[in-house]
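Asks: For the sequence shown, position 60 (counting from the first letter as 1) is numbered 105 according to our numbering, and the numbering increases by one without interruption. In this text, a Cβ means the ideal position worked out from N, Cα and C, and glycines have one as well. Below is a structure I'd like to ask you about.
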Amino acid sequence: MTPSRRGEELARNLDELEHRIAAACLAAGRPRDQVKLIAVTKTFPASDIAFLHDLGLRDFGENRDQEAAVKAAELAGLIDLRWHFIGAVQTNKCASLARYAGVVHAVDRQRLVRALDDAASRAGRRLDCLIQVDLDPDRSRNPDPAARSGAAPADVESLAHAIAAARALDLAGVMAVAPLGVDPREPFAMLARISDEIRHQHPSATMISAGMSGDMEAAIEAGATHLRVGTALLGSRRHAVR
Ligand SMILES: *Cc1c(COP(=O)(O)O)cnc(C)c1O
């Protein structure tokens, strides 16, 4: 595909996606400007991000540090671009992340809070942090963190305090991926309740990052403020992604 054909394709996809988001907001009785779109560009080239930036998008999601760091360097000249790191974070990647990320979506353990805080302090930057909540009841009871994706709901409060107390981190809200094979409305409603509880003590933690290509309507209905959309905007990913 020639570069301009790809640009046209992305413009068309964005148009369709915009209609879908607007319809879901209307159905949920929410203003469109309460829902922000994060374009998940993992596996796609930096040139796609440049096209989407031309079309007005400013928020981009990546889930692997190596890939994201290269794209961030390549696109350093683009105005107002904000990188959302949406993948699991290894503590040895924090120094790299702290150089380009604006928002880290998957903060799920105390050790990671300390590592991110150290890294951001050293880089002289602040990082917005979201607590990823594991909404799968079976998995979130598992004591082995490697078997989970996100913090157990019972651990969210103490993580929120740790992030809020950190020097270089700002507690921005919560994030979740709906467990596979269940109606996403139930887990997303639970995420909204957890967000309510956190905001009692941390009023500025207003972000709810939920909803992907397949379940954005349910997320918007439940109150999501940030959608993470890949496939519906960029097409299917040809290469396997973690
Ligand atoms: C890849 C990814 C997405 C985007 O998923 P799509 O189904 O392609 O829209 C959203 N969130 C996370 C955490 C991801 O890793």
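Secondary structure at Ser-166, three-state DSSP: helix, strand or coil?
Replies: helix
Asks: Which value, in whole angstroms, describes the spacing of the CA atoms of Ser-254 and Asp-179?
Replies: The straight-line gap from Cα to Cα measures roughly 13 Å.
Asks: Work out the CA separation of Arg-109 and Ala-250 for me, nearest whole Å.
Replies: 25 Å
Asks: Thinking C-alpha only, which one of Ala-91, Pro-182, Ala-56 is nearest Pro-232?
Replies: If you compare the alpha carbons of Ala-91, Pro-182, Ala-56 with that of Pro-232, the shortest gap goes to Pro-182.
Asks: Along the chain, where does the alpha helix (DSSP H) that runs through Lys-116 open and close?
Replies: 110-119
Asks: With contact counted as at least three CB pairs below 8 Å, one residue from each stretch, are the segment 64-80 and the segment 92-109 in contact?
Replies: No contact exists between the segment 64-80 and the segment 92-109.
Asks: Roughly how many angstroms separate the alpha carbons of Arg-50 and Val-115, rounded to a whole number?
Replies: 24 Å
Asks: Can you have a look at Gly-275 and say buried or exposed, based on whether 16 or more other CB atoms are within 10 angstroms of its CB?
Replies: buried
Asks: Taking the C-alpha atoms as reference points, what is the distance between Cys-174 and Ile-208?
Replies: 7 Å
Asks: Between Val-134 and ligand 1, is the CB less than 7 Å from at least one heavy atom?
Replies: no
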